[in-house]
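Heads up, the thing below is written out as structure tokens.
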Amino acid sequence: MAATADETDETTDASEPDPEPRRRPGRIALTVSVFGELLITAGVLLGLFVVYSLWWTNVIADRKADRQAGKVREHWAQGQDSGPGALDTKDGIGFLHVPAMDNGEVLVEKGTGTDVLNDGVAGYYTDPVKATLPMTGKKGNFAVAAHRDGHGAKFHNIDQLEEGDPIVFETRDDWYVYKVYSILPETSKYNVKVLSSVPEESGKEKPGRYITLTTCTPVYTSRYRYVVWGELVRVQKVDSERTPPKELLD
Amino acid sequence: MYGWIWRHLPGNAWVKAVISLVLVLAVIYVLFQYVFPWAEPLLPFNDVTVDNQ
Chain H
1 MAATADETDE TTDASEPDPE PRRRPGRIAL TVSVFGELLI TAGVLLGLFV
51 VYSLWWTNVI ADRKADRQAG KVREHWAQGQ DSGPGALDTK DGIGFLHVPA
101 MDNGEVLVEK GTGTDVLNDG VAGYYTDPVK ATLPMTGKKG NFAVAAHRDG
151 HGAKFHNIDQ LEEGDPIVFE TRDDWYVYKV YSILPETSKY NVKVLSSVPE
201 ESGKEKPGRY ITLTTCTPVY TSRYRYVVWG ELVRVQKVDS ERTPPKELLD
Chain D
1 MYGWIWRHLP GNAWVKAVIS LVLVLAVIYV LFQYVFPWAE PLLPFNDVTV
51 DNQ
């Protein structure tokens with residue numbers, strides 16, 4: 001009986017035009033509508049966060065990276081005569097060129113903290129394993145990290161790298177040409193052994209001059225790490241026109 | 001909630017619409033400038049390094 005009465009009430013409500021437009025809704029209706037609005041707000045917030053992390057951080061990071069890269073190039077141009085061994089690590093030590101990643105040049109700076117990497121650059125490891133910089137001429141592993149998505153997304157296309165692809169590191173005086181020899185598409189984020197001076201997982205047993213690129217995988221998350229190893233093939237002196245090595249001209 | 005805000009904005013519908021737009025933009029600015037940069041490191045989307053922690 002009660003249900004029928006309710007139904008009739010509702011039909012009469014709906015069929016009749018509302019006599020007073022400013023009629024206050026009931027408490028339950030108000031609660032439901034506020035709850036609905038909160039849900040919509042939450043959805044919009046999440047959407048905005050996606051826009052922020054996949055687009056806006058790139059805009060900001062690319063701007064900063066461009067500025068810092070310009071500074072490094074300027075220093076190099078000025079410091080042409082300041083003699084060899086002038087290792088300026090403050091602004092950045094050089095540029096990474098990876099044709100297979102199709103992302104131009106990536107400035108490399110010291111450290112892998114978010115304060116460094118969020119500027120749209122790659123960082124070489126100082127912790128937990130100290131990277132061996134190629135300019136030192138010593139045997140070791142030049143391990144770097146960069147973002148896969150957002151903040152410049154410099155290693156976004158790391159999965160496009162195949163064995164045999166060149167990785168070129170440009171410093172003020174030299175081009176260091178590496179060749180990819182091993183790829184680890186998925187590993188734990190605790191696997192710091194990939195950074196060792198002789199990375200055994202890549203199949204190497206003897207010391208050499210290696211490069212290691214790390215980033216997160218799968219894209220848009222940080223569940224695992226993606227690792228690419230390369231080995232130094234040759235070092236080419238930078239000429240007065242900074243002609244890139246032939247690996248970058250193809 | 002939003003209905004309440006709309007009813008309490010001054011002016012006619014156009015003025016209200018303009019004020020609402022400004023409010024929305026202000027909220028987006030605060031989110032992009034302060035809230036999201038704070039929240040991002042707390043979320044597991046952008047850790048790219050291997051470490052011991």
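As given, the protein sequences belong to chains H and D, one line each in that order.
When the first sequence is numbered by the UniProt record's numbering, its final residue is 250 and no position is left out of the sequence of numbers.
When the second sequence is numbered by the UniProt record's numbering, its final residue is 53 and no position is left out of the sequence of numbers.
All C-beta atoms, glycine included, are put in the ideal place defined by N, C-alpha and C.
Compute the distance between the beta-carbons of V108 (chain H) and Y124 (chain H), then report whether it is under 9 Å.
Along the first sequence, read from residue 1 onward, the residue named residue 108 (chain H) stands at position 108. Along the first sequence, read from residue 1 onward, the residue named residue 124 (chain H) stands at position 124. Yes. Within cutoff.
Taking K139 (chain H) and R209 (chain H) to be in contact with their CB atoms under 8 Å, please state how far apart those CB atoms are, rounded to whole angstroms.
Position 139 of the first sequence, counting from 1, holds the residue named residue 139 (chain H). Position 209 of the first sequence, counting from 1, holds the residue named residue 209 (chain H). Yes, K139 (chain H) and R209 (chain H) are in contact; Cβ-Cβ is about 6 Å, under 8 Å.
Distance between A13 (chain D) and L21 (chain D) (C-alpha atoms, nearest Å)
By one-based count along the second sequence, residue 21 (chain D) stands at place 21. By one-based count along the second sequence, residue 13 (chain D) stands at place 13. C-alpha separation (whole angstroms): 12 Å.
Among H:S53, H:P25, H:A145, H:A42, which one has its Cα closest to the Cα of L43 (chain D)?
Walking along the second sequence from the start, residue 43 (chain D) turns up at place 43. Here the closest residue by C-alpha is H:S53.
For Y34 (chain D), would you say it is in contact with chain H, using Cβ-to-Cβ distances shorter than 9 Å as the test?
The sequence position of residue 34 (chain D) within the second sequence is 34, counting from 1. Not one chain H Cβ lies under 9 Å of Y34 (chain D).
For chain H, find out if any of its Cβ atoms is closer than 9 Å to the Cβ of L31 (chain D); answer yes or no.
On the second sequence, position 31 is the one that residue 31 (chain D) refers to. At least one chain H Cβ lies under 9 Å of L31 (chain D).
Cα-Cα, which of H:L48, H:R24, H:F169, H:S222 is closest to R148 (chain H)?
On the first sequence, position 148 is the one that residue 148 (chain H) refers to. Comparing Cα-Cα distances from R148 (chain H) to each of H:L48, H:R24, H:F169, H:S222, the minimum goes to H:S222.
Do you know whose CA, among H:K189, H:E205, H:Y220, H:N103, lies nearest E231 (chain H)'s CA?
Counting from one through the first sequence, the residue named residue 231 (chain H) turns up at place 231. Comparing Cα-Cα distances from E231 (chain H) to each of H:K189, H:E205, H:Y220, H:N103, the minimum goes to H:E205.
With distances taken from CA atoms, which of D:I28, D:W6, D:E40 is nearest Y220 (chain H)?
Translated into the one-based positions of the first sequence, residue 220 (chain H) becomes position 220. Of D:I28, D:W6, D:E40, the residue nearest in Cα terms is D:E40.
Helix, strand or coil: which one does DSSP assign to E231 (chain H)?
As a first step, residue 231 (chain H) is located in the first sequence; it is residue number 231 there, counting from the start. DSSP places E231 (chain H) in strand when its eight states are reduced to three.
Chain-order list of residues whose beta-carbon lies under 7 Å from that of K64 (chain H) (same chain, five-residue window excluded)
Taking the first sequence and counting its residues from 1, one reaches residue 64 (chain H) at position 64. D119, G120.
Would DSSP call L31 (chain D) helix, strand or coil?
The residue given as residue 31 (chain D) occupies position 31 in the second sequence. Three-state DSSP puts L31 (chain D) in a helix.
Answer with yes or no whether the minimum CB distance from A39 (chain D) to chain H is below 9 Å.
Looking up residue 39 (chain D) in the second sequence gives position 39. By this cut-off, A39 (chain D) is an interface position.
Nearest neighbour of V35 (chain D), chosen from H:L30, H:L45, H:V194 [CA to CA]
If you number the second sequence from 1, residue 35 (chain D) lands on position 35. It is H:L45.
Is there contact here, the stretch 126-143 of chain H with the stretch 191-198 of chain H, by at least three beta-carbon pairs under 8 Å?
yes
9 Å Cβ cutoff met for residue 260 (chain H) and T215 (chain H)
Nothing about residue 260 (chain H) can be read from this structure; chain H reaches only from 1 to 250.
Anything in the stretch 109-127 of chain H with a Cβ closer than 8 Å to a Cβ of chain D? List those residues in chain order, please.
T112, T114, L117, Y125, D127
So, does the CB of N12 (chain D) fall closer than 9 Å to a CB anywhere in chain H?
Within the second sequence, residue 12 (chain D) is the residue found at index 12, counting from 1. Not closer than 9 Å to any Cβ of chain H, the Cβ of N12 (chain D) fails to qualify, so no.
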